[in-house]
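> Dumping the structure here so I can ask a few things about it.
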Amino acid sequence: MLARRFEEASAAELGRARDHLAEAVAVLPIAATEQHGPHLPIGTDSIIADHMVEAVLSGLPDDWPVTFLPTMRIGASAEHAGLPGTLSHDWDLTARLLISLGEGLSKTGFRRLVFVSSHGGNTPSMDAAALHLRQTMAMMVSAVSWQRFGLPDGVLPEAEIAHGIHGGAVETALMLHFRPDLVRHDAVAAFPSLQTELERGAKRLRAHGRIGFAWSAGDLNPQGAVGDARLATPEIGRAIACHQAVGFIELLADMLAFDLKRLA
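Below you can see the structure in the form of structure tokens.
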């Protein structure tokens, strides 16, 4: 049986399992250490990543060959570099780190890998690393974020879902569910985004979305957060976590079932 936590396996156990590891899935959670406005800790993305892994593990069938690597706690956070507490690798260094980890997994025998991020700024690095590992190590790599699994219907207003991309209701609700002791309740507020101004006054230009521009967090709101964190509740956070965990388990099922011979 493959250890659920990669770090708890022994080299001997992985060596004995090598002939079967090509059918297993390794999961690398990727997070960030960066400012999240005045109300959330700088470890928000890493805390969410750790607890989302726990949520997935609680619903994962015992006989599925899936193992989780330790969360990568510093990622590509250049857009937050101007605010205190942010630690960041350059995007290309983040990609190289992911490639290096993927190469190590490949040498161990894995051919299926999922990068799952709790920070949007990691996306370019994950995509670049996934393609490199496909081309050089013949690996199947899926690069996703927890937020790509969506939200339960009706859990938040559409405007908040569109605008609250950092420190808004979603992340605040998850933190109220996972670690309410770390939420600065007296600093929870609405953090208006430049995006709403652009929607009112510009025909095409947006800060983010299909037509956007490169921004720093302070461009969207000088406090480094956007969205209405006042909408967040622990119950909403719990509903979001459960919804996204189920979606991720469905992805794992698809990864396990995929015939690698279909790849060129």
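If you count the sequence shown from 1, position 129 lands on 137 in this note's numbering, and the numbers rise without skipping. C-beta: ideal position from N, C-alpha, C; glycine also.
#1: Using a Cβ distance threshold of 8 Å, determine whether the segment 232-243 contacts the segment 259-270, with at least three qualifying pairs required.
#2: In the DSSP assignment, the alpha helix (DSSP H) including residue 103 goes from what residue to what residue?
#3: Could you tell me which residues DSSP puts in a beta bridge with residue 236?
#4: Is the beta carbon of residue 184 sitting closer than 9 Å to the one on residue 245?
#5: Less than 8 Å between C-beta atoms, sequence neighbours within five positions excluded: which residues of the same chain meet that for residue 14?
#6: So, are the CB atoms of residue 121 and residue 80 less than 9 Å apart?
#7: With DSSP run on the structure shown, which of helix, strand or coil describes residue 159?
#8: Could you give the residue range of the beta strand (DSSP E) that holds residue 191?
#9: Is residue 69 buried or exposed, if buried means 16 or more other CB atoms sit within 10 Å of its CB?
#10: If contact is defined by three or more beta carbon pairs under 8 Å, each pair taking one atom from either stretch, is the segment 92-99 in contact with the segment 42-59?
#11: Is residue 60 closer than 9 Å to residue 124 when the C-beta atoms are compared?
#12: Could you check if residue 133 is buried or exposed, using at least 16 other CB atoms within 10 Å of its CB as the buried criterion?
#13: Measure the alpha-carbon distance for residue 118 versus residue 65 and round it to whole angstroms.
#14: For the segment 208-216 against the segment 147-162, do three or more pairs of beta-carbon atoms, one drawn from each stretch, fall closer than 8 Å, so that the two count as touching?
#15: Taking residue 101 as the reference, which of 86, 115, 114 and 112 has the closest Cα?
#16: Just to confirm my understanding: we take residue 63, look at its own chain, exclude 5 residues before and 5 after, and list those with CB closer than 6 Å. What are they?
#17: Could you give the DSSP three-state label for residue 249: helix, strand or coil?
#18: Which residues in the same chain have their Cβ closer than 6 Å to the Cβ of residue 242, if we skip the five residues on either side of it in sequence?
#19: By Cβ distance below 6 Å, which residues in the same chain neighbour residue 32 in space, the five residues on each side in sequence not counted?
#20: Does DSSP classify residue 142 as helix, strand or coil?
#21: Let me make sure I understand the geometry here. Which of 141, 90 and 83 has the alpha-carbon closest to that of residue 107?
To lay it out plainly:
#1: no
#2: Counted from its first residue, the sequence shown places residue 103 at position 95. That run of the alpha helix (DSSP H) goes 99-116.
#3: Position 228 of the sequence shown, counted from the first residue, corresponds to residue 236. DSSP, once it has assigned bridges, lists 198 as partnering residue 236.
#4: Here the question's residue 184 lines up with position 176 in the sequence shown. Here the question's residue 245 lines up with position 237 in the sequence shown. Yes, Cβ-Cβ distance for residue 184 and residue 245 is below 9 Å.
#5: Here residue 14 refers to the residue found at position 6 when the sequence shown is read from its first residue. Correct list, in chain order: 34, 75, 76, 77 and 78.
#6: The residue you call residue 121 lines up with position 113 of the sequence shown. The residue you call residue 80 lines up with position 72 of the sequence shown. In this structure, residue 80 does not lie closer than 9 Å to residue 121 by Cβ.
#7: Here residue 159 is taken as the residue at index 151 of the sequence shown, counted from 1. Three-state result, residue 159: coil.
#8: Reading the sequence shown from its first residue, position 183 is the one you call residue 191. Per DSSP, residue 191 belongs to no beta strand (DSSP E) and is neither H nor E.
#9: Reading the sequence shown from its first residue, position 61 is the one you call residue 69. By the 10 Å Cβ count, residue 69 comes out exposed.
#10: yes
#11: Along the sequence shown, read from residue 1 onward, the residue named residue 124 stands at position 116. Along the sequence shown, read from residue 1 onward, the residue named residue 60 stands at position 52. The answer is yes: Cβ separation under 9 Å.
#12: As a first step, residue 133 must be located in the sequence shown, where it is residue number 125. That one is buried.
#13: Counted from its first residue, the sequence shown places residue 118 at position 110. Counted from its first residue, the sequence shown places residue 65 at position 57. Between residue 118 and residue 65, the C-alpha separation is close to 20 Å.
#14: no
#15: Your numbering for residue 101 matches position 93 in the sequence shown. It is 86.
#16: Position 55 of the sequence shown, counted from the first residue, corresponds to residue 63. Answer for residue 63: 249 and 253, listed in chain order.
#17: Locating residue 249 in the sequence shown gives position 241, counting from the first residue. It is helical.
#18: Within the sequence shown, numbered from 1, the residue matching residue 242 stands at position 234. Correct list, in chain order: 184 and 185.
#19: To locate residue 32, count along the sequence shown from 1; it is residue 24. Result list for residue 32: 10 and 73, in chain order.
#20: Taking the sequence shown and counting its residues from 1, one reaches residue 142 at position 134. DSSP places residue 142 in helix when its eight states are reduced to three.
#21: Numbered from its first residue, the sequence shown carries residue 107 at position 99. Of the listed residues, the one whose Cα sits closest to residue 107 is 141.
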